[in-house]
Amino acid sequence: MYELRDSDEARRFLLQGLWWQRVAPPRPGSVRATLEWALEIASSGQDLPPLGFVADVGHAAFGQDHDAPPDRDTLAVPALPITLLRTYEDHVLGKLYADWTFGRAGDALRRYKGRDQARGLAFLVRQFARRSGFQGVRLSPGVIKSLLEVPPDDVHTQGFESLARDGVQSALTPQYEMLIAAARRTAEVLGPEDISQLERGTALKPEGEQLAERQVLRAAHLLESALPQHRPRPRQRCREVPTHILDEDTYPVGGFTSLATRGSVESLLHSQLAYMEQDERPDLFDIKFLRDELLYYARDENQFLRRRRTFALVLYPDLDQTRFKDRGLEFQRGVLLLALLTTIVRKLSEWLSADALAFRFVFVVEGQNDPLKPERDLLASLFRDEVANGSVQLPCESADRVEGLCTGWARRSLCHALLIDTQARHLHVGDTTINRLQIDGPRPALGDADSELMVSEGDDPLESWTAVLQEILQRWI
Numbered sequence: 314m315y316e317l318r319d320s321d322e323a324r325r326f327l328l329q330g331l332w333w334q335r336v337a338p339p340r341p342g343s344v345r346a347t348l349e350w351a352l353e354i355a356s357s358g359q360d361l362p363p364l365g366f367v368a369d370v371g372h373a374a375f376g377q378d379h380d381a382p383p384d385r386d387t388l389a390v391p392a393l394p395i396t397l398l399r400t401y402e403d404h405v406l407g408k409l410y411a412d413w414t415f416g417r418a419g420d421a422l423r424r425y426k427g428r429d430q431a432r433g434l435a436f437l438v439r440q441f442a443r444r445s446g447f448q449g450v451r452l453s454p455g456v457i458k459s460l461l462e463v464p465p466d467d468v469h470t471q472g473f474e475s476l477a478r479d480g481v482q483s484a485l486t487p488q489y490e491m492l493i494a495a496a497r498r499t500a501e502v503l504g505p506e507d508i509s510q511l512e513r514g515t516a517l518k519p520e521g522e523q524l525a526e527r528q529v530l531r532a533a534h535l536l537e538s539a540l541p542q543h544r545p546r547p548r549q550r551c552r553e554v555p556t557h558i559l560d561e562d563t564y565p566v567g568g569f570t571s572l573a574t575r576g577s578v579e580s581l582l583h584s585q586l587a588y589m590e591q592d593e594r595p596d597l598f599d600i601k602f603l604r605d606e607l608l609y610y611a612r613d614e615n616q617f618l619r620r621r622r623t624f625a626l627v628l629y630p631d632l633d634q635t636r637f638k639d640r641g642l643e644f645q646r647g648v649l650l651l652a653l654l655t656t657i658v659r660k661l662s663e664w665l666s667a668d669a670l671a672f673r674f675v676f677v678v679e680g681q682n683d684p685l686k687p688e689r690d691l692l693a694s695l696f697r698d699e700v701a702n703g704s705v706q707l708p709c710e711s712a713d714r715v716e717g718l719c720t721g722w723a724r725r726s727l728c729h730a731l732l733i734d735t736q737a738r739h740l741h742v743g744d745t746t747i748n749r750l751q752i753d754g755p756r757p758a759l760g761d762a763d764s765e766l767m768v769s770e771g772d773d774p775l776e777s778w779t780a781v782l783q784e785i786l787q788r789w790i
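First residue of the sequence shown: 314, per our numbering; consecutive thereafter.
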């Protein structure tokens, strides 16, 4: 770990680091942007990598590397270890360009505006450092601010003169060697939860607010990775409830597909109007009309029926007791529950894409008491796009209104309800398939409305959560 307390040494580290960048040649025009990215990283409490690496990541992520590659002879910089830079290009930059997670992160960052781009890039560098074990240099952000007050041309020139006069700063070479080793032992630059946060914009939140969301996304990835890739077959005795209203889900398929001699005036070919004559009656148009010889557009009148399906997930107030971490589990029970719900929505939306799906997370409240508000806010953040288009809703209702809500949904769609609590819950609603999920320990229990709850046994408690997830999806497909 390097800590530069001397402001002159920190200044040399920054000035010389600008000349180590390889994605784009060192130019005065890119100095200010690189310093702003570095200031965002250092001011957030992170260790700062060399500015050459920060510039390379920023240029590659924001698509500023499409210029023709510079001639290496024109970029000859004194005192730079060329062999080390060639290795850095192969192992570090080569990994960035070949990694799919970095590509998606760059697509997400390019949609940001203003300072958010620098904050998003700082998030990317922080997550790469955490996953790879890389440790940068600790220095005062005031040194970077002082360089921002200097004209970019002077900063650019001072870095070149420092290399020629003083040689390479002592921390730069070990930092690049550490970057190469970190890139070689890292499978992917970012994790799935990092990509999700960048694409949804939640990566800009304070780090404390990101912790729970990151844990839910990581747990959901673990649960989803244990599921089969293809949609499983539905059960033989699947409970089907016919909907009472089908007209709203009936759509004609296709456009005009052929020509016919019968049809409405609106579908008449415009070319048939050439048979009209102004003076003589009956004209050729009238004769063809009487003989049914005029041509009309025709189309296939087949109908496509989309089945309406509503999934009600009822969460009772006692679930605040699931904010507890059991021995043998990496996550709290509540985090695993939210990960399970997230995976259910994601997989059902993928496997039942031909149906009209509606997910209703009903949070039961008792008067003004709302103990599950943090969980509701977290689900609202995870399903921001789904909430915006109406496929996911998160209403708060009293316990006596849950039955009426399910009854109303069952009149218009095939309705499934999952009662989630730490104790046994019962609900009797006509035309609704009821399932119960009880979480009173490290292993959840699942059952029907009237049957006994069953707990999946296994060596690893996480396998029980995966088994419950598969059982719920099997019942609801």
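All C-beta atoms, glycine included, are put in the ideal place defined by N, C-alpha and C.
- Candidates Phe326, Ala496, Ala484: which alpha carbon is nearest Gly446's? Numbered from 1 along the sequence shown, position 133 holds the residue referred to as residue 446. Closest by alpha carbon: Ala496.
- Query: Hey, Trp333 and Gly365: beta-carbon distance below 7 Å or not?
  - Reply: Along the sequence shown, read from residue 1 onward, the residue named residue 333 stands at position 20. Along the sequence shown, read from residue 1 onward, the residue named residue 365 stands at position 52. Contact flag set, yes.
- For Thr745, the residue or residues it bridges with in DSSP: Numbered from its first residue, the sequence shown carries residue 745 at position 432. For Thr745, the pairing in a beta bridge is given by DSSP as Cys728.
- Query: Does the beta carbon of Phe696 sit closer than 7 Å to a beta carbon anywhere in chain B?
  - Reply: This model lacks chain B altogether, as it is built from one protein chain only.
- Looking at Ala374 and Leu452, is the spacing between their C-beta atoms short of 7 Å? Within the sequence shown, the letter at position 139 stands for residue 452. Within the sequence shown, the letter at position 61 stands for residue 374. No, the Cβ-Cβ distance between Leu452 and Ala374 is not below 7 Å.
- Query: So, do the region 476-495 and the region 345-356 have three or more beta carbon pairs nearer to each other than 8 Å?
  - Reply: Verdict: no, contact absent.
- State yes or no: is the C-beta of Ile493 within less than 7 Å of the C-beta of Thr400? Taking the sequence shown and counting its residues from 1, the one referred to as residue 493 is at position 180. Taking the sequence shown and counting its residues from 1, the one referred to as residue 400 is at position 87. Taking 7 Å as the Cβ cut-off, Ile493 and Thr400 qualify as a contacting pair.
- Beta-carbon proximity list for Ser662, same chain, < 7 Å, skipping 5 on both sides: Along the sequence shown, one-based indexing puts residue 662 at 349. For Ser662, where only same-chain residues beyond five positions count, the Cβ hits under 7 Å are Leu670.
- Query: From what residue to what residue does the alpha helix (DSSP H) around Leu535 run?
  - Reply: Locating residue 535 in the sequence shown gives position 222, counting from the first residue. From DSSP, the alpha helix (DSSP H) with Leu535 extends over 520-538.
- Beta-carbon contacts of Trp778 that lie in its chain and below 7 Å, excluding the five residues immediately before and after: Numbered from its first residue, the sequence shown carries residue 778 at position 465. In chain order, Leu536, Leu649, Leu653, Pro757 place their CB closer than 7 Å to the CB of Trp778, counting only its own chain and leaving out the 5 sequence neighbours on each side.
- Rank Asp369, Ile508, Val768 by C-alpha distance to the C-alpha of Leu695 and give the top, closest one. As a position in the sequence shown, residue 695 is number 382, starting the count at 1. Minimum Cα-Cα distance from Leu695 among the listed residues Asp369, Ile508, Val768 corresponds to Ile508.
- Item | Complete runs of the beta strand (DSSP E) confined to the region 573-653 [at least 3 residues] | Qualifying beta strand (DSSP E) stretches, in chain order: 609-612, 616-618, 621-628.
- With a cut-off of 8 Å, do at least 3 Cβ pairs link the region 457-470 to the region 506-520? The region 457-470 is not in contact with the region 506-520.
- Give the C-beta separation of Ala418 and Leu503 to the nearest angstrom, bearing in mind that I take them to be a contact with Cβ-Cβ under 8 Å. Sequence index remark: in the sequence shown, residue 418 carries index 105 (1-based). Sequence index remark: in the sequence shown, residue 503 carries index 190 (1-based). About 6 Å separates the beta carbon of Ala418 from that of Leu503, a gap short enough to meet the 8 Å contact definition.
- Message: By the DSSP assignment, the beta strand (DSSP E) with Asp467 in it spans what residues?
- Response: Within the sequence shown, numbered from 1, the residue matching residue 467 stands at position 154. From DSSP, Asp467 is part of no beta strand (DSSP E) but of the alpha helix (DSSP H) over 465-479.
- Stretch-stretch touch, CB-based, cutoff 8 Å, three pairs: the region 666-681 with the region 636-646: Result no; under three Cβ-Cβ pairs closer than 8 Å.
- Own chain partners of Leu331 with C-beta closer than 8 Å, once the 5 adjacent residues on each side are dropped: Residue mapping note: residue 331 aligns to position 18 of the sequence shown, counting from 1. Cβ within range, chain order: Pro339, Val344, Thr347, Leu364, Gly365, Ala368, Val468, His469, Gly472.
- Task: Report the three-state DSSP secondary structure of Leu670 (helix, strand or coil).
- Result: Taking the first residue of the sequence shown as 1, we reach residue 670 at position 357. The answer is strand: DSSP assigns Leu670 an E or B state.
- Report the option in Val742, Thr735, Gly743, Gly449 whose CA atom is closest to the CA atom of Leu750. Here residue 750 corresponds to residue number 437 of the sequence shown, with the count starting at 1. Selected option, being the one with the closest Cα: Thr735.
- Query: How many angstroms separate the CA atom of Leu582 from the CA atom of Arg621?
  - Reply: Along the sequence shown, read from residue 1 onward, the residue named residue 582 stands at position 269. Along the sequence shown, read from residue 1 onward, the residue named residue 621 stands at position 308. In a straight line, the C-alpha of Leu582 is about 38 Å away from that of Arg621.
- What is the rounded straight-line gap between the Cα of Tyr489 and the Cα of Leu398? Walking along the sequence shown from the start, residue 489 turns up at place 176. Walking along the sequence shown from the start, residue 398 turns up at place 85. Distance between the alpha carbons of Tyr489 and Leu398: 8 Å.
- Item | Close-in-space but distant-in-sequence residues of the same chain around Ala351 (CB under 8 Å, 5 per side omitted) | Your numbering for residue 351 matches position 38 in the sequence shown. Within the same chain, Ala351 has close Cβ partners Leu327, Leu361, Leu364, Val367, Ile457.
- If you draw a straight line from the alpha carbon of Leu572 to that of Arg604, how long is it in whole angstroms? On the sequence shown, residue 572 is found 259 positions in, with the first residue counted as 1. On the sequence shown, residue 604 is found 291 positions in, with the first residue counted as 1. For Leu572 and Arg604, the distance between alpha carbons rounds to 16 Å.
- Within the same chain, show all residues whose beta-carbon is closer than 6 Å to that of Trp722, passing over the 5 residues directly before and after it, in chain order. Position 409 of the sequence shown, counted from the start, is the residue given in the question as residue 722. Closer than 6 Å at the Cβ level, and outside the excluded window around Trp722, lie Thr623, Cys728.
- Message: On a Cα-Cα basis, can you pick out the residue from Glu770, Pro541, Met314 that is closest to Gln448?
- Response: Your numbering for residue 448 matches position 135 in the sequence shown. Taking Gln448 as reference, the option from Glu770, Pro541, Met314 with the minimal CA-CA separation is Met314.
- Just how far apart, CA to CA, sit Phe598 and Ser584? Numbered from its first residue, the sequence shown carries residue 598 at position 285. Numbered from its first residue, the sequence shown carries residue 584 at position 271. So the two alpha carbons sit approximately 11 Å from each other.
- Item | Exposed unless 16 or more other CB atoms sit within 10 angstroms - verdict on Thr574 | Position 261 of the sequence shown holds residue 574. By the 10 Å Cβ count, Thr574 comes out exposed.
- Classify Glu462 as buried or exposed, calling it buried when 16 or more other Cβ atoms lie within 10 Å of its own Cβ. Here the question's residue 462 lines up with position 149 in the sequence shown. Burial call: exposed.
- Item | Endpoints, the alpha helix (DSSP H) within which Ala337 is located | Counting from 1 along the sequence shown, the entry for residue 337 is found at position 24. Unbroken run through Ala337: none, as it is neither H nor E.
- Item | Asp763 burial status per 10 Å Cβ neighbour count (16 or more: buried) | As a working note, residue 763 is residue 450 in the sequence shown. With fewer than 16 Cβ atoms within 10 Å of its Cβ, Asp763 is classed as exposed.
- Task: Look up Tyr401 in the DSSP assignment and give the residues it is bridged to.
- Result: For this step, residue 401 is matched to residue 88 along the sequence shown. Tyr401 pairs with nothing; no bridge assigned.
- Of all the options Gln510, Gly407, Val336, which has the alpha carbon lying nearest to the alpha carbon of His372? Counting from 1 along the sequence shown, the entry for residue 372 is found at position 59. Minimum Cα distance to His372 is reached at Val336.
- What are the boundary residues of the alpha helix (DSSP H) that includes Gly330? Here residue 330 is taken as the residue at index 17 of the sequence shown, counted from 1. Here the alpha helix (DSSP H) through Gly330 covers 320-330.
- Task: Decide if Ile600 is buried, meaning its Cβ has at least 16 other Cβ atoms within 10 Å, or exposed.
- Result: Walking along the sequence shown from the start, residue 600 turns up at place 287. A residue is called buried once 16 or more other Cβ atoms fall within 10 Å of its Cβ, and Ile600, having fewer, is exposed.
- Using the Cα positions of Arg531 and Glu316, report the straight-line distance between them to the nearest angstrom. One-based indexing of the sequence shown puts residue 531 at position 218. One-based indexing of the sequence shown puts residue 316 at position 3. So the two alpha carbons sit approximately 32 Å from each other.
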